[in-house]
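Using the working numbering, the first residue of the sequence shown is number 339, and each one after it goes up by one.
So the structure is just underneath, and the comments pick up after that.
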Amino acid sequence: MLFTESFLLRYFYWSLFLGIFGACANPRPITGGAKDTIPPKITKQIPLNKTLNFNSRTIILEFDERIKTNNLQQELLITPSIKGSFKVREFKKAVVLEFQEPFEPNTTYTLNFRKGIQDLNEGNVPPNFQMVFSTGDKLDSLEIRGKATYLLTGTPAAECVVWLAPAKDTLKVEKHLPYYLGKSDKEGVFRLQNLKAGTYKLYVFSDKNNNNRLNPEQEAVGFLEQNIILKDKNADSLNLMLALSDKKPPRFLKMRPSNTQTDKTILDFSKPLQKIRLQSIHKLAYQINEGGKEVALFNISQFYDTLQVNLQAIDSLGNVLDTTAKVIFLKELRSGKSKKEPLKFQIKNVSQGEGILQNFHLEIVFNKPILQIDTAKIYFYKDSDSLQKIPLLAKDYEWNEYQNILSIRKKIEFQEKLRLQIDSAAFESCEKELNRATKENFVLKQANRFATLKLNLKTQEPNFILELLDEKKQVLRSIAKEKIYENKIIWEYLPAGTYLVRVILDKNKNGRWDKGDYEKGILPEKVIFLPKAIPLRENWEITEEFSF
């Protein structure tokens, strides 16, 4: 049967008229009782599911109870993609969709309503509510199924866009809507049904801005090295691993002299930086501020003309910006007296949990670069001995490249307590400030308060990096293959908690994970997680096998 616009609308409005008067003649009493958990049921539907030769632009859905729409323009997934948009007309027990443009001829369409229609009072959603129809004389029946996972965390890629288009098309995932569109569920599982036979390119990405197009600067993407060929059988068990694939280097936005103090200027960038390198004819101190988008420059040369600076900015994915910037430092402020931020620092125990080992690692983190250090004013006392100073030697410490983090690695054979003493004027900042005296007390780690994790690795991989993560997916410990003896590793002094283990297959042996290139079909370096989380308690020793 061929459906026309006038027939559908006359049928619907006549049915709606009878329904309204029928409802007035048989009013329902308001009743109490248990919460309604039953979703609405379809009583009438035009077209019927799996209808052939459908040629209307109107779809009608009637239900057995009062309903409401829930952001239906976003929730309704229509594949393949349609031209134009559609209007939603909402009635007490019905929804009418009116499409601006006709559907393509000889095409199978799938409408997945997801959570777009709910009952009025409780928001119950019809389960797996979708309809299929064809504008031709047959239904396409092929499908793809798979799962999407975030590569670096091992967590399901939930509510991500599944983007499928014929491989021969010139559609680009970052610019165009796909031919077929889907979404992964809360477990990262996805399924596209009623597909035509053909060769396809597939992407899955986290659609943060809800535009069904990839924004590679902010959205993780997963893809396959080769196209999918659908001919006489479905494609299933597809595993896509999502990660950022941004290739754009950071952009230098502007230079702005500080409005609170002289001799300090800020450089603003478009994205957080991992590293920054500066060169100029006059010496500068600089650091990356918290958040990563700002770089603070300090005028230690007292030069007040315009200064040209060569800079190299590197983001977390290794994208590099090489450019020059013109920098100006203010000698005086219009607003009055310069107010420099006072020199501050924090002493951090790098090892996890309470206490330190006899072979310990500390960090002193400053809020600005340090130009001078007087190690004679930095020393230790052990246990109850308050007379014998243990000096900080040149071999015991090193600075980071910005001179704002001092890393101390030293071995002192103490039994219970260790005190770090920093006298006044031990450090001089880039703004000629001196620190105040301080001290920090540490206790010796007690082995029975910690756990030990032993790993036996079964692998033939030539290059890899093994990492220990906490529940928040933060890297706690890391070791490269060349430092692992006989594929065995022991991680000691771990606080009670739950841990994850992952391995990065470091193909280019550069000591870090490298992104892929979705445009060229180059996958990112593979990351494999130990299949289970490892709970550890005090005084436990656990051995796990990890095959990869």
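Think of the CB as a built atom: it goes at the ideal place given N, C-alpha and C, for glycine as much as any other residue.
In terms of Cα proximity to residue 842, the closest of 674, 886, 446 is 886. Separation of residue 680 and residue 619 (C-alpha to C-alpha, rounded to the nearest whole angstrom) is 28 Å.
When 602, 546, 533 are compared, the shortest CA-CA separation from residue 571 is found for 533. Where residue 410 is concerned, there is no enclosing beta strand (DSSP E), although the alpha helix (DSSP H) around it starts and stops at 410–413.
Going by C-alpha positions, residue 739 is about 14 Å away from residue 650.
Your pair residue 658 and residue 652 checks out as a contact, with CB atoms roughly 5 Å apart and the cut at 8 Å. Under the DSSP definition of a beta bridge, residue 674 partners with 671. In this structure, residue 636 lies away from residue 708, with their beta-carbon atoms at least 8 Å apart. In this structure, the alpha-carbon of residue 400 lies about 18 Å from that of residue 460. Around the beta carbon of residue 840, a 10 Å sphere encloses 16 or more other beta carbons of the protein chains shown; the residue is thus reported as buried.
Under a 10 Å Cβ-count criterion, residue 457 is classified as buried, with 16 or more other Cβ atoms of the shown protein chains found around its own Cβ. Counting other Cβ atoms within 10 Å of its Cβ, residue 487 reaches 16 or more and is therefore classed as buried. Here the alpha carbons of residue 859 and residue 494 stand approximately 22 Å from one another. With a minimum length of 3 residues, the unbroken runs of beta strand (DSSP E) contained wholly in the region 473–519 fall at 480–488, 499–504. About 5 Å separates the Cβ atoms of residue 694 and residue 780, confirming a contact at the 8 Å cut-off. Residue 541 is bridged by DSSP to 501, 561. In the three-state reduction of the DSSP assignment, residue 787 falls in the helix class. If one requires a minimum length of 3 residues, the beta strand (DSSP E) runs lying completely within the region 389–453 are 396–401, 405–407, 415–417, 424–428, 432–437, 446–450, in chain order. A Cβ-Cβ separation of about 7 Å places residue 600 in contact with residue 670 under the 8 Å criterion. Setting aside the 5 residues that flank it on each side, residue 548 is surrounded in the same chain by 412, each with a C-beta closer than 7 Å to its C-beta; the list follows chain order.
Between residue 408 and residue 500, the alpha-carbon positions lie close to 21 Å from each other. Annotation: the continuous beta strand (DSSP E) that includes residue 699 extends over 697–704.
With contacts defined by Cβ atoms closer than 8 Å, residue 862 and residue 558 do not form a contacting pair. Inter-residue distance for residue 810 and residue 747 is about 27 Å (C-alpha atoms, whole angstroms). Residue environment: residue 573 is assigned as buried (16 or more neighbouring CB atoms within 10 Å of its CB, all protein chains considered). Less than 8 Å separates the beta-carbon of residue 853 from that of residue 655. Taking residue 587 as the centre and dropping the five residues before and after it, the same chain places the C-beta of 657, 658, 659 closer than 6 Å to its C-beta, in chain order.
Beta-bridge pairing by DSSP links residue 661 to 649. Our two residues, residue 416 and residue 855, have alpha carbons roughly 29 Å apart in a direct line. With a threshold of 16 other beta carbon atoms within 10 Å, residue 661 falls short and is exposed. DSSP, read as helix, strand or coil, puts residue 713 in helix. Taken through DSSP and simplified to helix, strand or coil, residue 834 comes out as coil. Scanning 782, 819, 497 for the CA closest to the CA of residue 798 turns up 819.
With respect to the 8 Å criterion, residue 538 and residue 502 are classified as neighbours on the basis of their beta carbons. Contact annotation: the region 715–725 touches the region 750–759, with at least three C-beta pairs closer than 8 Å. Per DSSP, the unbroken beta strand (DSSP E) holding residue 737 starts and ends at 735–737.
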